[in-house]
Structures are given as structure tokens and as C-alpha cells.
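*Asks:*
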Amino acid sequence: MPGIGKMSLDNMFCTRCGDGFETNEKIVNSNGELWHTNCFVCAQCFRVFPDGVYYDFEGRKYCERDFQVLFAPCCGKCREFVIGRVIKAMNANWHPACFRCEECNMELADAGFIKNAGRALCHGCNTRIKADGLQNYMCHKCHGVIDGEPLRYRGEVYHGYHFTCATCGVELDHTAREVKNRPGYAANDVNNLFCLRCHDKMGIPICGACRRPIEERIVTALGKHWHVEHFVCAKCEKPFHGHRHYEKKGLAYCEQHYHQLFGNLCYVCNQVIAGDVFTALNKAWCVHHFSCSVCDTALSTRSKFYEYDERPACRRCYERFPAELRRRLRRAHHYTLRRN
Amino acid sequence: MSKAKKVIEEAKEINNPEIDLVDKGISSLDEIPGLFSLENITRLTLSHNKLQVVPAGLANLMNLEILNLTNNHIEELPVSLSSLPKLRILNVSLNRLYALPRGFGAFPVLEILDCTYNNLKETTLPGNFFMMESLRALYLGDNDFEYLPAEIGNLKNLQILSMRENDLIEVPRELGQLTRLRELHLQGNRLVVLPPEIGFLELASNKSVLRLEGNFWVPPIEDQLKLGPSHVLDYLRSETYRVLYSRHMSAKPPPPPQTLDKSKKASRMR
Ligand SMILES: [Zn+2]
Ligand SMILES: [Zn+2]
Ligand SMILES: [Zn+2]
Ligand SMILES: [Zn+2]
Ligand SMILES: [Zn+2]
Ligand SMILES: [Zn+2]
Ligand SMILES: [Zn+2]
Ligand SMILES: [Zn+2]
Chain A
1 MPGIGKMSLD NMFCTRCGDG FETNEKIVNS NGELWHTNCF VCAQCFRVFP
51 DGVYYDFEGR KYCERDFQVL FAPCCGKCRE FVIGRVIKAM NANWHPACFR
101 CEECNMELAD AGFIKNAGRA LCHGCNTRIK ADGLQNYMCH KCHGVIDGEP
151 LRYRGEVYHG YHFTCATCGV ELDHTAREVK NRPGYAANDV NNLFCLRCHD
201 KMGIPICGAC RRPIEERIVT ALGKHWHVEH FVCAKCEKPF HGHRHYEKKG
251 LAYCEQHYHQ LFGNLCYVCN QVIAGDVFTA LNKAWCVHHF SCSVCDTALS
301 TRSKFYEYDE RPACRRCYER FPAELRRRLR RAHHYTLRRN
Chain B
1 MSKAKKVIEE AKEINNPEID LVDKGISSLD EIPGLFSLEN ITRLTLSHNK
51 LQVVPAGLAN LMNLEILNLT NNHIEELPVS LSSLPKLRIL NVSLNRLYAL
101 PRGFGAFPVL EILDCTYNNL KETTLPGNFF MMESLRALYL GDNDFEYLPA
151 EIGNLKNLQI LSMRENDLIE VPRELGQLTR LRELHLQGNR LVVLPPEIGF
201 LELASNKSVL RLEGNFWVPP IEDQLKLGPS HVLDYLRSET YRVLYSRHMS
251 AKPPPPPQTL DKSKKASRMR
């Protein structure tokens, strides 16, 4: 056994389980680390390596299957795993043979490529297209070239004739209007396309703040519609931009100002806490409701309590928990202390 | 006069709306005459007794907001409880429930449901369980769930979900729809991966709780967990993880072994 010849069995230990070895026991030696044959297993499935083949990655060993499932990159074209040479380009991974010019299909791995309007092109095609001067759009649906103006829909470009008006059904062209919002729907719940005539006849929502029509993203709250940038905290006037807002007496507030103005919500009664606030375990309680979650006995600031699923349990209740539960809770508690 | 009877008499006299009958050795509510006629009470706490049966008549207490039955010997609940029009908090933890009755999910305003430490699992929940949209906290720790039904996504107001120490093999992507969730306990299960959607929940702030320890996480999650739960959330949002997750879900490896020995649980006693 090279490498461990002179060591005595007494100070040899298994890398995985830390135990020693029996005399005459078969020992796996991998780069100077020793293992019981049973311990030399895949870090993910804990099974012995088929045919002894393993992959060493970030200090752990994996069987081939698990290594591929966990870490091997996936080709952006054929979606198969890429083993061996990986081409990293265009925010994806590729087999060398799968990464090709999107105009002439030439392999780009060694020739190099140029990014042109989101496409990978060889130098020749890039120069030619630039010279042509007109960057034709490619239809997102049929991948054909679009002559003239494209129809824009959900951030992509299309031939107009792939779509019809959501109201009258007429075939569309580039003048079609995309409506992202309608009263009663959340932003982007509906993306519909309309011909110009039908679009002009539709009721477009009006912003509750500036009273102008809302063509873009819309917020529906407090029974009104708002431009995203006009739906703001009543105190600091900053837009919520999709962050949670709190309503009170017909006004909306950001979390910070809601709590500043109206205080915390009690965990038990779910009401804004007017007087003294008890805070513990990421929760707040009103004076009347700070109590043991098991027996509902009131607790005071000086009461000793135990944490139980992030709720307080009084000593008397904790001691009445089944012993095996207390043992587990104690272990979990140590674990949290160590972690934080 | 028994201690329990005395409590009732006193409550009647001073019109006390909150009744505490904790640790009174009660084995049947029939022993407490007059209890069901206290129609004005808002809280009834019966923790640490020996109740095996909850009589359907308890639903006469139309004004109950809080019903606490923690640590009894209850094996079955009457469906009539679900008709209590004002019940906001129901605590049936530390009992011997193997199932919840059909139609149980009909509570009109229930906010906190605590079923911790029973013998419940996904197959013994009633069909309407996840229709309790008013729930803000659901405690199902110390039960026998292997899967969390996708309908959990209906509980839009949920802020707290505890599945501590079940047998969970998988949690559904729909968990990501619970945008108000601020406390998620998944420690002590058999989980290997998490849906990437969890990464977008607000579980990393100083007012949030995310417990993940004691599972069978894939090594990259386990590594991030050593740095803290917020690092796990960052990692779940990454493109690398999205690929890992979809591969894992299509490879469908056998679930990790069951590790908790539940035979000694008090909820298993017969
Ligand atoms: Zn393996
Ligand atoms: Zn490929
Ligand atoms: Zn097209
Ligand atoms: Zn039209
Ligand atoms: Zn506006
Ligand atoms: Zn503000
Ligand atoms: Zn309160
Ligand atoms: Zn207590």
C-alpha cells in the first residue's frame, strides 16, 4: 500500500467516520486520505462508486450520475449534459459542436464570435449584416424575417398576422395595441392585443392621483387605479413599487410608517397595539394577550418562558410536555444557539 | 363541589367571558354541568386534562373566539366545531388525532390552527382543509406528513407555517405563492431540495424565521445553510440552482430514509 506503509494501524482513521481500521481490513487510499471500503461512497447517494469511478468536486466525491445531475452544465442547444470541453458564451453552456453562427451555421468554438442584437454570429456574417445596414427583426413565433415594422407583444417582436384583435377578431398589423392592464385585474394578469379601432373604444383606467389615463403598468388598491409611480405611502410619499402596503382609513402606508404611526399587530387578537407592547420571538402582543400559548396564562416581562415553534410556553406547561418532545426541543434549541 | 364546577359557578356570577379549566383532571365535559349554557364566553381553555371526546354540543358556545384543547387524549373532533362563527384560534396540539373530520375546513374566520404533535398526514386531511383562507398561522409540526398538498398555495394570508419534524420528502412550488409568509419551519424532515420559488419569499429579514436544519439537503444547499438561511435563499434564486432543481425533479431519486423514531410519541398511546 503506497503512502501508508510506515504508519501503524493505531493512528490511521477513516476520513468519513473517524473510526480506526481492523488488522487485515481492506483500506481505500485516495490521495493520502484513508477510508473504510464501506465509507468510500458518493456524497449525495451514499452508495459505493460503480466501477470505482468518481468525480472530486469542491472537496466532495460523487458518483458519475449524481455529479452530472448536480453540477454538469447543460447544453443551451441540445439540452444534454456537457462532459469535457464546455463553451461558455451568450449566458449559457454549449457543446463545441452545438455553438454555431446563427446566420451561416459555422462552428464558432475556435473561430470566435460577435454578439449582434442578441445573436451569436461569425465575423463574416456580422460584417455582412452590418454592411446591409438594416437590422431585420426576427419573428419570435415563426423565426422568419420581418419586413418593415414588427408587432411588439410581451417584449418580443412578431409578424402581425400571427395575431387577431381580442375584441373584433380582425387580423393585426404593427399598429395593434397591447393592453397590459384592465380595471379589476392585477398588473400583467392580462396581456391582450387589440386593433386600433377597438382599442380607442375601450375604457382605459384613470389614475386616482393624477387623473390621467393609465396606459402602462397599473396598481389597483383602495378601490382605485393608480400609475405605479403614483401609488405612494401617505406619510413619506414614496411609491410602493410592488412592495407590501398597509391600509388604514382609506390611506396606504409603507410598513415602516404604518408601524410608526399605528404600532404593531398583536399575535393573538391581530389588532394594532395601542398601549404597551410585548415583543419576543419575532412577534408582538398587547398587554391583554401576552400569555403562554399552551395554557393561556398571562405572562409578564419577568416571566421565564420556553420557546416552542417560536411561541412562548410557560415553565409549568413545558414540564408537562412528553419527555421525548422536550428532549428534541432542547436539542433543537442548542442547534439554534450554535448557529446564531 | 368539584373544582371545575366551582369555576363555572364563579364565571356565571361575575359574567367572566374567559374560562380557564387547566389541569383539572377532567376526563369528560359531561362532568361539568352548565358549561354548554355559558353562551357569552369568548375563551375556553381546557389544556392538560384527560378528554377523549369533544362533544358536538360545544358548538353551542356561539361566541367562542379561542378554544384551547392542548394536551388531552382526543382521538376525534366533531365537525360541528367548524360552524363556530367567531372562532379565531383553535389549539388541538398534543392529542391523539389520526384524522380530521370531513368538512372540517369550513371555519368562517379561523386565524390560528394548531395541530402540533398529533398523528396527521396528507391523506387524512379533509378535502376542504386548504379552503381556510383566513388562516394566518398553521402549526402542523410533529405529525406524519410526507407531502404537503399543492393546495397550500390557497392560504394566501398565511404568515406562519410549521412543518417541523414530519416526514416531508417534498414541498410544492405553490409554497412560493404565500407572499405573506414570514415564518417557515421545515427543520427535521427528509427534504433534499427546495422549489426555487421559496427564494423569492421574504424570509430573510430580521422579523422572519426560516428553519431548515436536520434535512438531507443536496451539498450546495447544505453549504449555504452553514452560512445562514439567507444565503440559502440567495442560492435558490440563482440560475445554477434552477437547473439543479429541474434535473433533480426529473431524475426522481429515491427519498432519504425515515429517521425519526415516532413509536415513543405520546400521541401514539392507545
Ligand atoms: Zn451517487
Ligand atoms: Zn449540445
Ligand atoms: Zn412570424
Ligand atoms: Zn378590433
Ligand atoms: Zn398617475
Ligand atoms: Zn412611508
Ligand atoms: Zn391582543
Ligand atoms: Zn402554560
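Taken in order, these protein sequences are the chains called A and B.
Numbering-wise (UniProt numbering), the first sequence opens with residue 1 and increments by one.
Numbering-wise (UniProt numbering), the second sequence opens with residue 1 and increments by one.
For every residue, glycine included, the Cβ atom is placed at its ideal position computed from N, Cα and C.
How far does the beta strand (DSSP E) with A/S30 in it reach, from first residue to last?
*Replies:* 27-30
*Asks:* Do you know how far the Cα of A/A313 is from the Cα of A/I4?
*Replies:* Interpretation of A/I4 is limited by its pLDDT of 49, a score under 50 that renders its predicted location unreliable; the figure taken from the coordinates is listed afterwards. Cα to Cα, A/I4 sits roughly 56 Å from A/A313.
*Asks:* Along the alpha helix (DSSP H) that carries A/F67, what are the first and last residues, could you check?
*Replies:* 64-70
*Asks:* Determine whether the Cβ of B/S28 lies closer than 8 Å to any Cβ atom of chain A.
*Replies:* no
*Asks:* Using a beta-carbon distance cut-off of less than 8 Å, what residues from the region 237-252 of chain B approach chain A?
*Replies:* V243, L244, R247, H248, A251
*Asks:* Among A/I129, A/L151, A/R128, which residue has its Cα nearest to the Cα of A/C139?
*Replies:* A/L151
*Asks:* If distances are taken between C-alpha atoms only, which option among B/G34, B/K12, B/E65 comes closest to B/L113?
*Replies:* Among B/G34, B/K12, B/E65, the Cα nearest to that of B/L113 is on B/E65.
*Asks:* Is it right to say A/R327 is buried, meaning 16 or more other beta carbons lie within 10 angstroms of its own, or is it exposed?
*Replies:* Around the beta-carbon of A/R327, fewer than 16 other beta-carbon atoms lie within 10 Å, marking it exposed.
*Asks:* Within the region 132-219 of chain B, note down every full beta strand (DSSP E) run reaching 3 residues or more, in order along the chain.
*Replies:* 137-139, 160-162, 183-185, 209-211
*Asks:* Just to confirm, are B/V193 and B/P256 a CB contact at a threshold of 8 Å?
*Replies:* No, they are not a contact pair.
*Asks:* Given that B/A266 touches chain A, what residues does it touch there, using C-beta distances under 8 Å?
*Replies:* Contact of B/A266 with chain A by beta-carbon distance below 8 Å involves P322, E324, L325.
*Asks:* Identify which residue in A/C317, A/C292, A/C269 has its Cα closest to the Cα of B/T42.
*Replies:* A/C269
*Asks:* Under the rule that 16 or more other beta-carbon atoms within 10 Å means buried, what is A/F40, buried or exposed?
*Replies:* buried
*Asks:* For the alpha helix (DSSP H) holding B/P256, just list the boundary residues, first then last.
*Replies:* Here B/P256 belongs to no alpha helix (DSSP H), and DSSP marks it neither H nor E.
*Asks:* Shortest alpha-carbon distance to B/P172 belongs to which of B/G188, B/E146, B/Q159, B/I160?
*Replies:* B/E146
*Asks:* Secondary structure at A/S291, three-state DSSP: helix, strand or coil?
*Replies:* strand
*Asks:* Roughly how many whole angstroms lie between the Cα atoms of B/G57 and B/P17?
*Replies:* Rounded to the nearest angstrom, the gap between the Cα atoms of B/G57 and B/P17 is 18 Å.
*Asks:* Excluding five sequence neighbours on each side, which residues of the same chain lie with their C-beta closer than 7 Å to the C-beta of B/P126?
*Replies:* L100, P101, R102, G103, F104, G105
*Asks:* Who are the near neighbours of A/S8 in its chain, counting only those whose CB is closer than 6 Å to its CB and skipping five residues on each side?
*Replies:* none
*Asks:* Does A/A109 come out as helix, strand or coil in the three-state DSSP assignment?
*Replies:* It is coil, neither helix nor strand.
*Asks:* Would you mind reading off the limits of the alpha helix (DSSP H) that contains A/R317?
*Replies:* The question names Arg, but residue 317 of chain A is Cys in the sequence shown. 315-320 is the span of the alpha helix (DSSP H), which, as asked, contains A/C317.
*Asks:* Out of A/C266, A/L265, A/K224, A/T279, which one is the CA nearest neighbour of A/A252?
*Replies:* A/K224
*Asks:* Indicate, with yes or no, if ligand 7 has a heavy atom lying under 7 Å from the CB of A/V268.
*Replies:* yes
*Asks:* Determine the closest residue to B/M62 out of B/K265, B/A251, B/L51, B/R88, with distance taken between C-alpha atoms.
*Replies:* B/R88
*Asks:* Closest to B/P220 by C-alpha separation, out of A/F71, A/K304, A/M90, would be which residue?
*Replies:* A/F71
*Asks:* Using DSSP with H/G/I as helix, E/B as strand and the rest coil, what is B/Y235?
*Replies:* helix
*Asks:* Which residue from A/N24, A/G32, A/N31, A/T37 puts its Cα closest to that of A/C17?
*Replies:* Looking at A/N24, A/G32, A/N31, A/T37, the one whose alpha-carbon comes closest to that of A/C17 is A/T37.
*Asks:* In chain B, which residues lie less than 9 Å from A/N282 when you measure between Cβ atoms?
*Replies:* R182, E183, N206, K207, S208, V209
*Asks:* For B/I26 versus B/I8, is the C-beta distance shorter than 8 Å?
*Replies:* no
*Asks:* Per the contact definition of three or more C-beta pairs closer than 8 Å, is the region 152-160 of chain A in contact with the region 122-132 of chain A?
*Replies:* No: the two stretches stay apart, fewer than three of their Cβ pairs being nearer than 8 Å.
*Asks:* Taking C-alpha atoms, which residue in A/R65, A/G20, A/T279 lies nearest to B/A251?
*Replies:* A/R65
*Asks:* Going straight from the alpha carbon of residue 290 of chain B to that of B/G153, what length do you get?
*Replies:* Because chain B here runs from 1 to 270, residue 290 of chain B falls outside it and cannot be looked at.
*Asks:* Quick one: give me the first and last residue of the alpha helix (DSSP H) that A/F262 is part of.
*Replies:* Judged by DSSP secondary structure, A/F262 falls within the alpha helix (DSSP H) whose first and last residues are 255-262.
*Asks:* With a cut-off of 8 Å, does the C-beta of B/P17 fall near any C-beta of chain A?
*Replies:* no
*Asks:* Note down, in chain order, each residue of its chain lying with its Cβ closer than 8 Å to the Cβ of B/L77, except the 5 sequence neighbours on either side.
*Replies:* Only V54, V92, L97, L100, P101, F104 meet the Cβ criterion.
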